[in-house]
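J.: Numbering (my numbering), first residue to last: 3 to 838. Got a structure for you, written out below as structure tokens; questions coming shortly.
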């Protein structure tokens with residue numbers, strides 16, 4: 003076994019002017035660092051200083067500008083290294099592994115320089131066998147170079163110049179979803195490993211064949227072996243695979259060609275037939291069953307010198323790009339899981355905090371569980387962030403969420419010189435090998451919106467696909483997002499980013515100019531009805547955080563929507579981009595509460611409308627990934643879960659719109675509309691839909707019933723077209739849908755903007771009751787139509803089985819509310835109409 007594996011847990015940090023730390027001798031073993039700040043590792047500089055009371059909170063009020071000086075300083079970490087109990091034997095070595103350095107770093111051990119590192123996206127590893135003293139004090143010193151100098155970082159082009167060559171989280175340089183916060187420091191653990199004879203590298207696992215009926219699978223198991231002090235031919239590698247229930251699925255040797263020590267890692271492998279496998283499915287189609295793979299490495303003396311474990315899944319994944327016969331000239335872009343084409347329902351993921359060192363496993367689990375609970379089956383890791391920590395991927399594996407994974411390149415034309423490409427290739431090979439065995443991994447994508455900024459062909463067409471092919475060989479690779487066809491947002495091929503809604507931006511084929519309509523009607527969600535793309539990997543409407551989160555991060559003096567501090571949290575444009583939409587859709591709000599309510603209402607309705615239109619095009623459109631699930635700072639963004647983890651109203655609208663079974667009403671011109679039935683589930687739908695045309699006061703003008711039948715995984719089905727323009731008065735009528743068996747969730751469609759509705763005064767009647775410790779049910783009834791009902795608590799974060807929903811007149815809606823504790827006073831829950 004590995005003789006010693008110690009994570010360094012403490013350090014001292016200090017800052018110097020550029021070059022000052024070296025001049026002061028901070029790299030020396032005997033340097034006096036007693037005046038430095040003590041920190042626990044891993045820790046970035048900002049968090050360490052905030053925790054020590056030496057820095058204002060960057061996210062609070064105007065803290066962003068007050069911490070900008072950190073990026074202009076040289077920062078040093080000095081860490082004690084445990085002393086080896088005995089000198090390494092001839093067949094042993096000691097390695098120093100710095101799993102995450104942010105970013106430009108030089109490293110010393112006991113005053114001896116061991117190397118430099120230039121990427122936060124792969125570890126820095128050094129052989130320090132001859133540098134550590136037995137029984138004595140050993141010291142690791144790390145110098146982080148200043149990120150910026152005297153540049154004017156208020157200029158976006160200057161920030162782009164600073165980030166283009168740095169293999170550092172791009173969003174920290176400032177984005178339309180984030181503040182400007184350039185982190186620095188140790189963001190992943192530092193480890194000292196004492197090893198004997200050989201070590202295991204990443205394990206690989208792939209399903210190479212699966213019977214159509216799923217009764218038999220063939221898997222390939224592999225490992226990498228670094229035989230640094232042994233004849234590789236005399237080493238033995240053994241695997242053991244156990245099923246989700248703990249039963250043995252198979253075991254045996256991994257074999258491969260022997261090599262001499264120093265010729266690079268071995269790659270022994272084996273094939274295994276698994277009968278009646280428990281398949282890994284997305285949570286909406288089955289169980290995400292996981293097997294446990296254990297690989298052991300035995301040395302020449304029969305002693306086990308290394309062991310690795312991984313949780314793996316038996317599943318196949320493919321990207322179907324066959325011609326779409328029903329839309330000539332186009333191709334599908336759909337994922338096929340275990341032979342079954344699926345509709346990808348999901349969201350884009352951004353780093354959950356710009357200070358990523360402090361994101362904990364439980365946070366990943368909570369946020370991704372929110373995605374799964376919102377009926378999502380895919381998460382896209384966006385290319386402006388990071389390759390996430392292991393806990394993120396473990397949660398996706400366990401929750402049954404597929405991952406579309408960008409490489410970390412975004413919105414720039416990246417260099418193609420040999421030095422830069424070599425660094426990028428090392429990064430890609432490390433990450434692909436690291437993640438290859440994850441059952442949740444569905445796609446590697448070259449970049450986010452970089453093709454539109456420049457070609458970078460060597461990187462996206464050669465370096466990255468070669469790394470995926472050689473380090474993985476089975477996960478599909480896609481050059482960029484958006485990409486395909488005759489433009490960067492083609493509707494005939496590949497994936498598209500649809501920003502007609504909210505931004506009013508229209509893409510164009512190669513050689514033509516795109517255009518933008520910034521008016522309220524030009525940015526209306528109705529624009530989504532014109533989208534005929536194959537796979538919509540970005541679309542969205544922005545909205546502020548919940549009021550509780552706004553109040554958490556903004557002092558009372560900074561909570562006025564008209565004030566600079568409030569407006570400064572809107573980074574997608576200068577000034578208030580919401581005013582044209584407000585004027586068009588809701589009317590201008592009178593105060594801060596209405597400002598939040600109205601824009602959140604627009605976001606919720608816009609996302610619902612877009613998702614329904616995209617899903618009505620199944621299978622011609624086979625995916626809708628909204629922008630975005632989460633936040634990296636407490637700003638006003640497109641997220642549906644804010645920085646503090648609180649769902650916005652749009653979260654609940656998305657959850658309803660992503661229901662695997664859904665009936666939708668698609669409005670047409672002149673008061674006409676279509677009724678569609680969608681079934682993404684693995685079960686047959688056999689129900690009866692009741693469709694009502696109603697006045698806002700509850701008067702039923704027309705009612706019809708229709709059989710709602712659909713086979714599992716069926717194409718979206720048009721049930722009927724209605725030409726009821728004479729019946730529907732847009733300002734005073736809407737269409738409501740319900741079903742006899744409840745298989746098809748209730749839904750509704752308005753035909754005018756909220757400000758145009760002739761809403762009667764609605765009275766809400768609420769009956770509250772405690773049904774269990776920490777559980778309350780509310781029966782809510784409205785006397786007239788209410789566009790959005792909100793159930794809220796003044797200070798507790800609660801779990802609602804539904805919230806922020808429209809309510810039909812005379813219909814009672816029961817909402818169940820849970821508190822993690824055992825006490826919840828029903829009287830403290832308030833119910834209000836968010837828009838009247």
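Glycine is no exception: its CB is placed at the ideal position from the N, C-alpha and C atoms. Keep in mind that this is a model prediction, so the values were computed, not measured.
1) Once the 5 residues before and after residue 298 are set aside, which same chain residues still bring their CB inside 6 Å of it?
2) Mind reading off the beta-carbon distance from residue 207 to residue 64? Whole number of angstroms is fine, and I expect it under 8 Å.
3) Could you tell me the alpha carbon to alpha carbon distance between residue 721 and residue 328, rounded to whole angstroms?
4) For my contact list, residue 76 and residue 21 are in at a C-beta cut-off of 8 Å; report their separation, rounded to the angstrom.
5) Restricting to Cα atoms, I'd like to know which of 412, 698, 179 and 752 is closest to residue 761.
6) Which value, in whole angstroms, describes the spacing of the CA atoms of residue 676 and residue 528?
7) Let me check understanding here. Comparing Cα to Cα, which of 8, 504 and 811 lies closest to residue 785?
8) Assuming residue 148 contacts residue 102 under a Cβ cut-off of 8 Å, what Cβ separation, rounded to an integer in Å, is found between them?
9) Beta-carbon within less than 7 Å of residue 689's beta-carbon, same chain only, minus the 5 sequence neighbours each way: which residues are those?
10) Decide yes or no for the touch test of the stretch 771-791 against the stretch 820-836: beta carbon pairs closer than 8 Å, at least 3 of them.
11) Below 8 Å CB to CB, which residues in the same chain sit around residue 85 once its five sequence neighbours on both sides are set aside?
12) Runs of 3 residues minimum, wholly inside the stretch 169-239: which ones carry the beta strand (DSSP E) assignment?
13) If the criterion is Cβ atoms closer than 8 Å, does the pair residue 434 and residue 474 meet it?
14) Determine the closest residue to residue 630 out of 214, 667 and 349, with distance taken between C-alpha atoms.
15) May I ask you to list the residues that DSSP assigns as paired with residue 81?
16) Which runs of the beta strand (DSSP E) fall wholly inside the stretch 45-98 and span at least 3 residues, in chain order?
17) I need the boundaries of the alpha helix (DSSP H) containing residue 568, first residue and last residue.
18) Can at least three beta-carbon pairs, one atom from the stretch 539-552 and one from the stretch 633-643, be found at a separation below 8 Å?
19) Taking residue 386 as the reference, which of 400, 171 and 553 has the closest Cα?
20) Select from 289, 61, 406 and 12 the residue whose C-alpha is nearest the C-alpha of residue 39.
21) Under a Cβ-count criterion, where at least 16 other Cβ atoms within 10 Å of its own Cβ denotes burial, should residue 532 be classed as buried or exposed?
22) Below 8 Å on the Cβ atoms is my guess for residue 186 versus residue 338; work out the distance and round it to an integer in Å.
23) In the DSSP assignment, find the beta strand (DSSP E) that holds residue 155 and state where it starts and stops.
24) With residue 835 and residue 766 assumed to form a contact (beta carbons below 8 Å), what rounded beta-carbon distance in angstroms separates them?
25) Kindly indicate which three-state DSSP category residue 529 falls into: helix, strand or coil?
26) Using beta-carbon positions only, say whether residue 29 and residue 113 come within less than 8 Å of one another.
27) Using 8 Å as the cut-off, can you tell me whether the stretch 461-478 makes contact with the stretch 488-501, which would need three or more C-beta pairs spanning the two stretches below that distance?
28) Please classify residue 669 as buried or exposed, where buried requires at least 16 neighbouring CB atoms within 10 angstroms.
29) Assuming residue 223 and residue 268 make a contact with CB atoms under 8 Å, what is their CB distance in whole Å?
30) Less than 8 Å between C-beta atoms, sequence neighbours within five positions excluded: which residues of the same chain meet that for residue 418?
31) Taking only the alpha-carbon atoms, compute the straight-line gap between residue 312 and residue 203 and give it to the nearest angstrom.
32) Does the Cβ-Cβ distance between residue 573 and residue 180 come in under 8 Å?
33) From residue 326 to residue 622, what distance separates their C-alpha atoms?
34) Quick one: grab the DSSP three-state call for residue 161.
35) Since residue 1 contacts residue 123 with CB under 8 Å, what's their CB separation in whole angstroms?
36) One question on the structure: do residue 286 and residue 714 come within less than 8 Å of each other, judged by their Cβ atoms?
T.: Let me lay it out:
1) Reading the chain shown from its first residue, position 296 is the one you call residue 298. 240, 306 and 309.
2) Taking the chain shown and counting its residues from 1, one reaches residue 207 at position 205. Taking the chain shown and counting its residues from 1, one reaches residue 64 at position 62. That belief does not hold up - the Cβ atoms of residue 207 and residue 64 are roughly 49 Å apart, past 8 Å.
3) Numbered from its first residue, the chain shown carries residue 721 at position 719. Numbered from its first residue, the chain shown carries residue 328 at position 326. One C-alpha to the other measures close to 19 Å.
4) Within the chain shown, numbered from 1, the residue matching residue 76 stands at position 74. Within the chain shown, numbered from 1, the residue matching residue 21 stands at position 19. The pair is a contact, with the Cβ atoms about 7 Å apart (cut-off 8 Å).
5) Here residue 761 is taken as the residue at index 759 of the chain shown, counted from 1. With distances taken between Cα atoms, residue 761 lies closest to 698.
6) Taking the chain shown and counting its residues from 1, one reaches residue 676 at position 674. Taking the chain shown and counting its residues from 1, one reaches residue 528 at position 526. About 15 Å.
7) Here residue 785 is taken as the residue at index 783 of the chain shown, counted from 1. Residue 811 holds the alpha-carbon nearest to the alpha-carbon of residue 785 among 8, 504 and 811.
8) Residue mapping note: residue 148 aligns to position 146 of the chain shown, counting from 1. Residue mapping note: residue 102 aligns to position 100 of the chain shown, counting from 1. Contact flag wrong, Cβ pair sits at about 19 Å.
9) The residue labelled residue 689 in the question sits at position 687 within the chain shown. For residue 689, same chain residues with a beta-carbon under 7 Å away, outside a window of 5 residues either side, are 710, 741, 742, 743, 745 and 746 in chain order.
10) Taking a cut-off of 8 Å on C-beta distances, the stretch 771-791 touches the stretch 820-836, as three or more cross pairs fall below it.
11) For the purposes of this step, residue 85 is taken as the residue at position 83 of the chain shown. Taking residue 85 as the centre and dropping the five residues before and after it, the same chain places the C-beta of 134, 135, 136, 137, 138, 139 and 140 closer than 8 Å to its C-beta, in chain order.
12) Entirely contained in the stretch 169-239, the beta strand (DSSP E) runs reaching 3 residues are, in chain order, 192-198, 201-212 and 218-228.
13) Counting from one through the chain shown, the residue named residue 434 turns up at place 432. Counting from one through the chain shown, the residue named residue 474 turns up at place 472. Cβ distance < 8 Å, so residue 434 and residue 474 count as in contact.
14) Translated into the one-based positions of the chain shown, residue 630 becomes position 628. Nearest C-alpha to residue 630 among 214, 667 and 349: 349.
15) On the chain shown, residue 81 is found 79 positions in, with the first residue counted as 1. Residue pairing of residue 81 in beta bridges, as defined by DSSP: 142.
16) Counting whole runs of 3 or more residues, the stretch 45-98 contains the beta strand (DSSP E) stretches 76-83.
17) Stepping through the chain shown from its first residue, residue 568 is reached at position 566. For residue 568, the enclosing alpha helix (DSSP H) starts and ends at 566-569.
18) Under the three-pair Cβ rule at 8 Å, the stretch 539-552 counts as touching the stretch 633-643.
19) Indexing the chain shown from 1 puts residue 386 at position 384. For the options 400, 171 and 553, the alpha carbon positioned closest to that of residue 386 is the one of 171.
20) In the chain shown, counting from the first residue as 1, residue 39 sits at position 37. Here the closest residue by C-alpha is 12.
21) Looking up residue 532 in the chain shown gives position 530. Exposed: under 16 other Cβ atoms inside 10 Å.
22) Looking up residue 186 in the chain shown gives position 184. Looking up residue 338 in the chain shown gives position 336. At roughly 43 Å, the Cβ-Cβ gap does not stay under 8 Å, so residue 186 and residue 338 are not in contact.
23) Mapped onto the chain shown, residue 155 falls at position 153. Counting along the chain, residue 155 falls outside any beta strand (DSSP E), and DSSP gives it neither H nor E.
24) Taking the first residue of the chain shown as 1, we reach residue 835 at position 833. Taking the first residue of the chain shown as 1, we reach residue 766 at position 764. Right, their Cβ atoms sit about 6 Å apart.
25) Start at 1 with the first residue of the chain shown, and residue 529 comes out as number 527. Assigned with DSSP and collapsed to three states, residue 529 falls in helix.
26) Against the chain shown, residue 29 aligns to sequence position 27. Against the chain shown, residue 113 aligns to sequence position 111. In contact: residue 29 and residue 113 (Cβ atoms closer than 8 Å).
27) Pairwise C-beta distances place the stretch 461-478 out of contact with the stretch 488-501, as fewer than three of them are shorter than 8 Å.
28) The residue labelled residue 669 in the question sits at position 667 within the chain shown. Around the beta carbon of residue 669, 16 or more other beta carbons sit within 10 angstroms, so the residue counts as buried.
29) For this step, residue 223 is matched to residue 221 along the chain shown. For this step, residue 268 is matched to residue 266 along the chain shown. Between residue 223 and residue 268 a beta carbon distance of about 14 Å is seen, past the 8 Å cut, so the two are scored as non-contacting.
30) The residue you call residue 418 lines up with position 416 of the chain shown. Within the same chain, 458, 459, 460 and 461 come within 8 Å of residue 418 by CB-CB distance, once the 5 residues on both sides are set aside.
31) Here residue 312 refers to the residue found at position 310 when the chain shown is read from its first residue. Here residue 203 refers to the residue found at position 201 when the chain shown is read from its first residue. Between residue 312 and residue 203, the C-alpha separation is close to 12 Å.
32) The residue given as residue 573 occupies position 571 in the chain shown. The residue given as residue 180 occupies position 178 in the chain shown. For the 8 Å CB-CB criterion, residue 573 and residue 180 form a contact.
33) If you number the chain shown from 1, residue 326 lands on position 324. If you number the chain shown from 1, residue 622 lands on position 620. Near 7 Å, if we compare the C-alpha coordinates of residue 622 and residue 326.
34) As a first step, residue 161 is located in the chain shown; it is residue number 159 there, counting from the start. It is helical.
35) There is no way to answer for residue 1, as the model of the chain reaches only from 3 to 838.
36) Position 284 of the chain shown, counting from 1, holds the residue named residue 286. Position 712 of the chain shown, counting from 1, holds the residue named residue 714. Taking 8 Å as the Cβ cut-off, residue 286 and residue 714 do not qualify as a contacting pair.
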